[in-house]
Every structure is written in structure tokens, then in C-alpha cells.
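Chemist: Just so it is clear: in the sequence shown, position 122 is 122 by UniProt numbering, and no numbers are missing.
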Amino acid sequence: MTKILMVCLGNICRSPLAEGILKSKLPKTKFLVDSAGTGGWHAGELPDKRSIAIAKKYSIDLTDQRARQFKKSDFETFDYIYVMDASNYSNVINLASNEAQKSKVKLILNEVFPNKNIEVPDPYYGGDSSFENVFQMLDQACNEIAKKINP
Ligand code: 4NP
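(1) If you follow the alpha helix (DSSP H) that S87 is part of, which residue opens it and which one closes it?
(2) Please output, in chain order, the residues near the ligand 4NP using a CB cut-off of less than 7 angstroms to any non-hydrogen atom of the ligand.
(3) Can you name the start and end residues of the beta strand (DSSP E) that M6 belongs to?
(4) If I'm right that A141 touches I108 with Cβ under 8 angstroms, what's the distance once you round it to whole angstroms?
(5) My understanding is that A86 touches Q69, with C-beta atoms under 8 angstroms, so please give their C-beta distance in whole angstroms.
(6) Anyone know if the C-beta pair for C13 and D48 falls short of 7 angstroms?
(7) Considering only C-alpha positions, which residue in the set Y124, N133 and K30 is nearest to N11?
(8) Could you check the C-alpha separation between N91 and L17 for me, to the nearest Å?
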């Protein structure tokens, strides 16, 4: 079983979308996809209504997800840890115990634009078009990830 973790700040907007999108592209029998936030304020909550709505538009259901905070043991559980922005990257890297753990952490859009360090913008204070934009970015990234890990 290959395990992939998607990480953002709140685990209610971006990483739940990334989780739902990647799950839709991989067989459940071989891949486990989860998501977490570097912050714990929204722990236990459903994804943001706007993330649920944009996913539903593309036939992806996020309503079985609940937010949780990233924890150090996630470095052992997961094979790949994809973060949305530079701030998530430094927050996660700071919890790593060694270089092997650090090497699991990647900016998700580097799968589409290698080495460019482009961020998935936080749509929390944006309008519906921000969520559409984030969906499209994550869909592209998840296509690349799926190709790479399930060729
Ligand atoms: P996310 O968006 O990191 O994509 O889930 C956010 C959601 C909530 C907050 C920040 C970002 N917040 O500060 O509550």
C-alpha cells in the first residue's frame, strides 16, 4: 500500500480537495490518500462548504472527510507528503527528525512545474473563482502524481 498525505494550513480548503481529487484517480486497493493541516483550529470539522461545492461540481464527494492536525508520526506512516505553499513546507520540515523524513516533503505544484516552487494560493478569503482556480491547479498536479506513482 502506497500512502500519500496532502497538507495545508487549516485542512478545510486546499488539502481536502487534493485528497479527494487524488483518490478519484487511484485504485483504493493499492493507495491510501489522507490530508492534514499544520494548524489544529479546525480539527474535527468538515471541509469548507466552498471546497465541498467545487468538488461536487466535478463529481467528487468530500463529506466523509474531517480535519485533523499534521503529527510527527505522519512522517513514518506516509511515503509522500505534498504541501500547498512555502509556509506549509517550513512548518512540516521543522517537525522532521532526519533527512529521510524531510525528503518525503514536496511542494505539490512542483509536480507540474518542476523546481519553480509555485504555491497553491489559500482560497479561504477568496470568492468562488478562487476555489475553481485551486481545483484546476490540484487536478493538474494530481494527474502528474497519479502518472508517477501508478504508471
Ligand atoms: P486551508 O485554508 O489551509 O486551505 O485549509 C485555510 C482555512 C482556514 C484558515 C486558514 C487557511 N484559518 O486560518 O482558519
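A virtual CB, placed ideally from N, CA and C, is assigned to each residue, including glycine. Quick caveat, the model's predicted, so the values are computed rather than measured.
Modeler: Looking at the atomic coordinates:
(1) As a first step, residue 87 must be located in the sequence shown, where it is residue number 87. According to the DSSP assignment, S87 belongs to the alpha helix (DSSP H) that extends over A86 to I93.
(2) After applying the 7 angstroms Cβ criterion, the set is C8, L9, G10, N11, I12, C13, R14, S15, G37, G39, W41, H42, D48, M84, D122, P123 and Y124.
(3) As a working mapping, residue 6 is identified with position 6 in the sequence shown. Bounds of the beta strand (DSSP E) holding M6 are T2 to C8.
(4) Your numbering for residue 141 matches position 141 in the sequence shown. Your numbering for residue 108 matches position 108 in the sequence shown. That pair is a contact at about 5 angstroms.
(5) Taking the first residue of the sequence shown as position 1, residue 86 is located at position 86. Taking the first residue of the sequence shown as position 1, residue 69 is located at position 69. That belief does not hold up - the Cβ atoms of A86 and Q69 are roughly 19 angstroms apart, past 8 angstroms.
(6) Working through the sequence shown from its first residue, we reach residue 13 at position 13. Working through the sequence shown from its first residue, we reach residue 48 at position 48. Contact: yes.
(7) Residue 11 sits at position 11 when you count from the first residue of the sequence shown. Closest by C-alpha distance to N11, out of Y124, N133 and K30, is Y124.
(8) Taking the first residue of the sequence shown as 1, we reach residue 91 at position 91. Taking the first residue of the sequence shown as 1, we reach residue 17 at position 17. Roughly 20 angstroms between the two C-alpha positions.
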